[in-house]
Amino acid sequence: MILPDIVIVKLVNRGREPDRQVNSVYDLGLNKLALRDYRRIMDSSGLNVVMFAVNHSTNTVSRLFSLLRQLPFLEEYFSHNIYCILEQPTSAEGPAA
Numbered sequence: 000m001i002l003p004d005i006v007i008v009k010l011v012n013r014g015r016e017p018d019r020q021v022n023s024v025y026d027l028g029l030n031k032l033a034l035r036d037y038r039r040i041m042d043s044s045g046l047n048v049v050m051f052a053v054n055h056s057t058n059t060v061s062r063l064f065s066l067l068r069q070l071p072f073l074e075e076y077f078s079h080n081i082y083c084i085l086e087q088p089t090s091a092e093g094p095a096a
């Protein structure tokens with residue numbers, strides 16, 4: 000992430016009612032995994048990756064993010080969702096390499 004966790008939490012809590020404040024980025028649904036972490040997890044899962052798509056949507060924001068993430072140094076910052084289909088390998092096939 001670009002900003003330290005504490006800065007994000009303070010920004011989010013600004014103006015929020017005390018009973019709606021968050022304590023960590025995890026309370027916001029963020030898991031702090033990078034796109035490369037997801038790829039590594041999927042590749043080492045022992046399952047076949049049938050589909051792996053990033054920003055797979057026709058939403059205007061997703062389309063804009065997809066354009067920006069084409070620049071290698073921006074890929075991690077503009078990847079906001081992942082769609083992945085995994086399948087169990089057949090016994091003769093074994094895990095995907």
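Mind the numbering: the sequence shown is residues 0 to 96 in numbering that gives the first Met the number 0, read in order.
We treat Cβ as the ideally placed atom computed from N, Cα and C, and that holds for glycine.
Please read these numbers as outputs of a predicted model, since none were measured by experiment.
(request) Give the straight-line distance between the Cα atoms of ASP36 and PHE51, rounded to the nearest whole angstrom. (result) 13 Å
(request) Whole angstroms is fine: what's the gap from ASN47's alpha carbon to ASP26's? (result) 32 Å
(request) Would you grab the beta carbon distance between LEU10 and SER44 for me? Rounded to a whole angstrom, and I think it's under 8 Å. (result) Rounded, the Cβ-Cβ distance is 35 Å, inconsistent with contact.
(request) Look at the Cβ atom of ASN54, then the Cβ atom of ASN12, and state whether they are nearer than 8 Å. (result) no
(message) I'd like the span of the alpha helix (DSSP H) that includes VAL6, first residue to last.
(response) 4–12
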